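*Asks:* Note that the sequence shown covers residues 660 to 942 in my numbering. All C-beta atoms in this analysis are idealised placements derived from N, C-alpha and C, irrespective of residue type, glycine included. Keep in mind the model is a prediction, meaning the values are calculated, not measured. Attaching a single structure in structure tokens format; questions to follow.
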Amino acid sequence: MNITIKNELLTATINPQGAELNSLKSDSHEYIWEGNPEFWGKHSPILFPIVGTLKNNLYTYKDDAYHMTRHGFARDNQFTIKHHTDNSIVFSLTSNQDTLKMYPFEFELELKYTLVNTTLTLDYMVTNKGIDSMPFSIGAHPAFALPGNFDDYSLTFEKDKTLVSTQLENDLLSNKTISLPTHGGKLPLSYNLFKNDALILKSTSSNYVDIAKNDDPFLRVTYNDFPHLGIWTKENAPFLCIEPWQGYSDSFDSNGNILDKEGIILLKSAEKFNAGFSIQIFH
């Protein structure tokens, strides 16, 4: 059963399966992609304990090999509800028999949604409940509904004047990069931008990016706590994903050891990790 939080301006609906945001709407507009499986059957999955794809879908830890598919397992698990008010909710996922087969670390992952005025904030909290340091990555994958002509939309970054995307090959990071055709930080959207899959910004100097239609901004994603950004859609799909990340896919020359993985976070025993991003609606 989906859970709803609301305030006087916005309503958010979240599915405890994956603690996934399914809807964010005002009285007149839905901002989250509907999840039509013809294009992509998800809305806003959480990426944990990896972001992107592992080489051969495998990693090693202490000489043992583990299998894990793209973006990890959190999005496929049922979360419990720890706290719920009219305008906020906290979901929790803890390690269990099934997760330990894929990921031999004891953890708690909490996801908090809070509505304040015209902004939805998503806060991620990871606790290492084991003895050893815990390697992980975490990220968001919200898909925003873009009805009408896709070419009418653009992205404007807070500070970046030049955007460099690392190319994907067979879902892994290559050593090739491309410069994106921006105009003072504005990136006009077209499906041609995504002919080689997602845009991967391994570094960005901006703290936020705005989505505009015909130069009229209507939504802002602020991602101060996330150093990497993915941007993705599918051919002819009426949505765009803006994905704040801590971590990204393996590269072709990855040695498979998760402790050596580029972009990985190491969380000491009993320590907590916190990061968040927000979605602000302009109209």
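Mark residue 869 as exposed unless 16 or more other C-beta atoms lie within 10 angstroms of its C-beta, in which case mark it buried.
*Replies:* Your numbering for residue 869 matches position 210 in the sequence shown. Buried is the call here.
*Asks:* Please return the same chain residues whose Cβ sits closer than 7 Å to the Cβ of residue 758, not counting the five positions on each side in sequence.
*Replies:* Taking the first residue of the sequence shown as 1, we reach residue 758 at position 99. Excluding positions up to five away in sequence, the list reads 732.
*Asks:* With which residues is residue 773 paired in a DSSP beta bridge?
*Replies:* Start at 1 with the first residue of the sequence shown, and residue 773 comes out as number 114. 747 and 780, per the DSSP bridge assignment.
*Asks:* Is residue 703 buried or exposed, if buried means 16 or more other CB atoms sit within 10 Å of its CB?
*Replies:* Position 44 of the sequence shown, counting from 1, holds the residue named residue 703. So residue 703 ends up on the buried side.
*Asks:* Of all the CB atoms in chain D, is at least one closer than 9 Å to the CB of residue 726?
*Replies:* Absence of chain D from the displayed structure is noted, only one protein chain being present.
*Asks:* Helix, strand or coil: which one does DSSP assign to residue 933?
*Replies:* Along the sequence shown, one-based indexing puts residue 933 at 274. Strand.
*Asks:* Is residue 764 helix, strand or coil by DSSP?
*Replies:* Stepping through the sequence shown from its first residue, residue 764 is reached at position 105. In the structure shown, residue 764 sits in coil (DSSP, three-state: anything other than H, G, I, E or B).
*Asks:* Between which two residues does the beta strand (DSSP E) harbouring residue 680 extend?
*Replies:* As a position in the sequence shown, residue 680 is number 21, starting the count at 1. 679-684 is the extent of the beta strand (DSSP E) around residue 680.
*Asks:* What does DSSP give as the partner residue(s) for residue 737 in the beta ladder?
*Replies:* Walking along the sequence shown from the start, residue 737 turns up at place 78. According to DSSP, which records beta bridges pairwise, residue 737 is partnered with 676.
*Asks:* Identify every residue that forms a DSSP beta bridge with residue 816.
*Replies:* As a first step, residue 816 must be located in the sequence shown, where it is residue number 157. Looking at the DSSP assignment, residue 816 forms a beta bridge with 868.
*Asks:* Residue ranges of each beta strand (DSSP E) run of no fewer than 3 residues wholly in the segment 896-921, ordered along the chain?
*Replies:* Whole beta strand (DSSP E) segments, 3+ residues: 898-905.
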